[in-house]
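All residue numbers for the sequence shown refer to the working numbering, where the first residue is 173 and numbers rise by one.
From the three backbone atoms N, C-alpha and C, an ideal C-beta is built for every residue, glycine too.
Contents: one structure, followed by commentary.
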Amino acid sequence: MRIAIAGGTGLLGGKLAHEAERRGHEVRLLSRVTGIDLTAPDGITSAAARIEGCDAVVDVLSVGSRSDAVSVAFFESTTRALLSAEERAGVIHHIALSIVGVDRAPTAYYAGKVAQEHAVQQGAIPWTILRATQFHEFAAQMFTVASRGPIHLAPRMRTQPVAADEVAGRLVDLAEMPACGRVPDLAGPHEESLVDMVRRYARATGHHGWIPAVSLPGSFGRAMRDGRLLPDAGATIGRQSFTEWIASLG
């Protein structure tokens, strides 16, 4: 089958494309790198041309902002543009990746993901939505972005991280199936402390400096700490633990 991937040149998109091709599917990538900008005036037209003949479109687009307004504007505009392109191209299945707990903490980046889910559900294309927890690579991301000068910070958070490879595999599974609405959430095998994850990642990559723990302010910071962003009992549980992922870095 033919699968288009919006955001196909990012971390997860690359893994998703690799897994789809490994299974024998034809993959078409939609990203600014490949000349498709869904926020541009001609975004719908160019995307429709790229996905012509595709059986499914998987949306793993992201935006590097924690602003409610920026995140909502991005996900609403790109989702609606993508759905419009799919209507033009005759695509019959839209798969969106969301995040576990978005409706329990609909602020910052999560506000955009809530808006994305609503846009998908209100659209004309049959849809599937998968919510996943943070990837193991989230520790590396936090180590890089959460810093003040030479000091790296570790935000306090309860999380149940999952392997990005397993999320990619599950998304390909869903693309191979008919649209089925909200599917069970996907999470890793163990709850972890993000503070511990960041510190362990730092040590594994050769950083031995002080990494203080910090509590992020506001309602989203509280949600990070109080367990609202953990999966419910009905979630599908992945295989690779964070400990195994850290060991794989060596």
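- For Leu254, the uninterrupted alpha helix (DSSP H) segment begins and ends at 240-261.
- Counting only residues of its own chain and dropping the five nearest sequence neighbours on each side, Ala257 has a CB closer than 7 angstroms to the CB of Ile216, Ala219, Ala220, Ile223.
- Gly353 is bridged by DSSP to Thr300.
- Between Ala385 and Ala340, the C-beta gap is not smaller than 7 angstroms, which leaves the two residues out of contact.
- Ser413 has its alpha-carbon roughly 15 angstroms from the corresponding atom of Leu402.
- C-alpha of Glu193 to C-alpha of Ile175: approximately 9 angstroms in a straight line.
- Residue range 215-223 is occupied by the alpha helix (DSSP H) that includes Ser218.
- Collapsing the DSSP output to three states places Arg174 in a strand.
- Under the three-pair Cβ rule at 8 angstroms, the segment 329-340 counts as touching the segment 365-372.
- As DSSP reads the structure, His324 sits in a beta bridge with Ser319.
- Counting along the chain, no beta strand (DSSP E) covers Ala287; the unbroken alpha helix (DSSP H) around it starts and ends at 281-294.
- Contact between Ala268 and Gln294 does not hold, since their C-beta atoms are separated by about 12 angstroms, which reaches or exceeds 8 angstroms.
- Secondary structure of Asp231 (DSSP, three-state): strand.
- Exposed is the label assigned to Arg354, since fewer than 16 other Cβ atoms lie within 10 Å of its Cβ.
- For Val272, the secondary structure class from DSSP, reduced to helix, strand or coil, is coil.
- DSSP places Arg200 in the strand class (E or B) of the three-state scheme.
- If you look at Phe414, you'll find it in the alpha helix (DSSP H) that goes 414-420.
- Between Val199 and Ala189, the CB-CB gap stays under 7 angstroms.
- Rounded to the nearest angstrom, the Cβ distance from Asp404 to Asp357 is 7 angstroms, consistent with a contact under 8 angstroms.
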